[in-house]
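Visitor: Just so you know, we're using the working numbering here: the sequence shown kicks off at 1 and counts up by one. Sending over a structure as structure tokens; questions will come in a sec.
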Amino acid sequence: MCFAFLHLQSYPLTWLHQKEHEGDDYCVLIHSNRVCVVTLAPSHELLKNETSIDSVDFQVSENRNTLNTKISGKRKHHAQRVQPNTSLAIVNCLSKSYKLVPGIHGKLLEVNKDLLSNPSLLLETPGEKGYLAIILPDPSSVEESKKNLMTPEAYREYIEKRLPCTT
């Protein structure tokens, strides 16, 4: 799968997040207006190990459903606040369930509702129609968030050492 699906030219700043748990990698595309699109990175274990997805659940806890974000106004009032390890969705596959997280701090503007009716988008087009969420980082934390992410070049080097590229 490698890097074929990333359309980096659309995002002046592109950073990839590699969490402590190997294989739980996310791509955070940071636009010049600070809006971030979170997708699965090509090395995420869901993309490597699964061939089909049973369902995507946005009811991530008893009190929290990420679909219920009702934002308004220029400052995105009433948006749910997310931390790097906040659950955005739970993906249920035949062999395992995956908790998907944003990797950054900010306001959750939207989760991809299309994943409810067509969960296979995560596998088929993870960097496009299969995106996870759109997040607006706090202005004060954008630079700090970038420090915790890898550049595309650093990510490629890291992955080339970790995984052989098949395409």
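Beta carbons: idealized from backbone N, C-alpha and C, even for Gly.
Thinking LYS28 and ILE134 are a contact (beta carbons under 8 Å), I'd like their distance in whole angstroms, please.
Guide: The sequence given here has Val at residue 28, not Lys. Contact flag wrong, Cβ pair sits at about 11 Å.
Visitor: Going by beta-carbon coordinates alone, are GLY130 and LEU121 separated by less than 7 Å?
Guide: Cβ atoms of GLY130 and LEU121: closer than 7 Å.
Visitor: Is SER97 helix, strand or coil when you go by DSSP?
Guide: Three-state result, SER97: strand.
Visitor: What three-state label does DSSP hand ARG34 in the structure shown?
Guide: If DSSP states are grouped into helix, strand and coil, ARG34 belongs with coil.
Visitor: Specify the secondary structure class of ASP57 as computed by DSSP and reduced to three states.
Guide: In the structure shown, ASP57 sits in a strand (DSSP, three-state: E or B).
Visitor: Between the C-alpha atoms of MET150 and LEU109, what's the straight-line distance to the nearest angstrom?
Guide: Cα to Cα, MET150 sits roughly 23 Å from LEU109.
Visitor: So what does DSSP say about ASN65, is it helix, strand or coil?
Guide: Strand, per DSSP.
Visitor: Closest by CA to PRO206, which one among CYS93, ARG75, VAL35 and VAL101?
Guide: Residue 206 is absent from the model: the chain starts at 1 and stops at 167.
Visitor: Would a C-beta distance cut-off of 7 Å place LEU40 and PRO102 closer than the cut-off?
Guide: Going by C-beta atoms, LEU40 is not nearer than 7 Å to PRO102.
Visitor: Looking at the unbroken alpha helix (DSSP H) that takes in GLU128, where does it start and where does it end?
Guide: Careful: GLU128 lies outside any alpha helix (DSSP H) and carries neither H nor E.
Visitor: Between which two residues does the beta strand (DSSP E) harbouring GLU153 extend?
Guide: No beta strand (DSSP E) contains GLU153, which is instead part of the alpha helix (DSSP H) from 152-162.
Visitor: With DSSP run on the structure shown, which of helix, strand or coil describes LEU115?
Guide: In the structure shown, LEU115 sits in a helix (DSSP, three-state: H, G or I).
Visitor: Measuring only the C-alpha atoms, how far is SER32 from GLU62?
Guide: Each residue's Cα considered, the two are about 36 Å apart.
Visitor: Rounded to a whole number of angstroms, what is the C-alpha to C-alpha distance between HIS105 and HIS77?
Guide: Spanning the two alpha carbons is a distance of roughly 16 Å.
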